[in-house]
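Peer 1: Numbering (my numbering), first residue to last: 2 to 113. Glycine included, each C-beta is placed from N, C-alpha and C at the ideal position. After the structure tokens below, expect a handful of questions from me.
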């Protein structure tokens with residue numbers, strides 16, 4: 002019941018500008034919830050799930066990692082709407098100019 006409610010009302014889960022809401026709109030059937038200090042949990046209707054925490058609590062780092070976590074869950078991130086994909090491109094600025102980008106390392110799926 003909770004997951005069904007979240008899927009039916011993504012806007013209430015986080016809000017219009019929050020990563021969980023944005024990705025739930027972008028990926029049909031996804032349930033996602035971000036939390037304080039860089040936390041993120043996501044699950045697909047088939048039971049595949051991912052959770053991670055950014056050690057320093059960075060929201061920007063979390064935004065960069067989300068697409069890689071979704072790829073591990075089998076989501077074609079490249080087919081997601083630009084509004085979601087573009088948010089995952091996190092520039093590092095130096096004196097107002099882009100000098101690099103935050104990018105996740107490739108994930109190795111863990112299974113029991």
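DSSP three-state call for residue 74: helix, strand or coil?
Peer 2: Numbered from 1 along the chain shown, position 73 holds the residue referred to as residue 74. If DSSP states are grouped into helix, strand and coil, residue 74 belongs with coil.
Peer 1: If you draw a straight line from the alpha carbon of residue 61 to that of residue 103, how long is it in whole angstroms?
Peer 2: Here residue 61 corresponds to residue number 60 of the chain shown, with the count starting at 1. Here residue 103 corresponds to residue number 102 of the chain shown, with the count starting at 1. Computed Cα separation, rounded: 8 angstroms.
Peer 1: Flag this pair as yes or no: are the beta carbons of residue 8 and residue 30 separated by less than 8 angstroms?
Peer 2: Your numbering for residue 8 matches position 7 in the chain shown. Your numbering for residue 30 matches position 29 in the chain shown. In contact: residue 8 and residue 30 (Cβ atoms closer than 8 angstroms).
Peer 1: Check whether the Cβ atoms of residue 76 and residue 3 lie closer than 8 angstroms to each other.
Peer 2: Position 75 of the chain shown, counted from the first residue, corresponds to residue 76. Position 2 of the chain shown, counted from the first residue, corresponds to residue 3. Not a contact, by the Cβ cut-off of 8 angstroms.
Peer 1: Is the beta carbon of residue 33 closer than 8 angstroms to that of residue 21?
Peer 2: To locate residue 21, count along the chain shown from 1; it is residue 20. To locate residue 33, count along the chain shown from 1; it is residue 32. Their beta carbons are under 8 angstroms apart, which means residue 21 touches residue 33 by this criterion.
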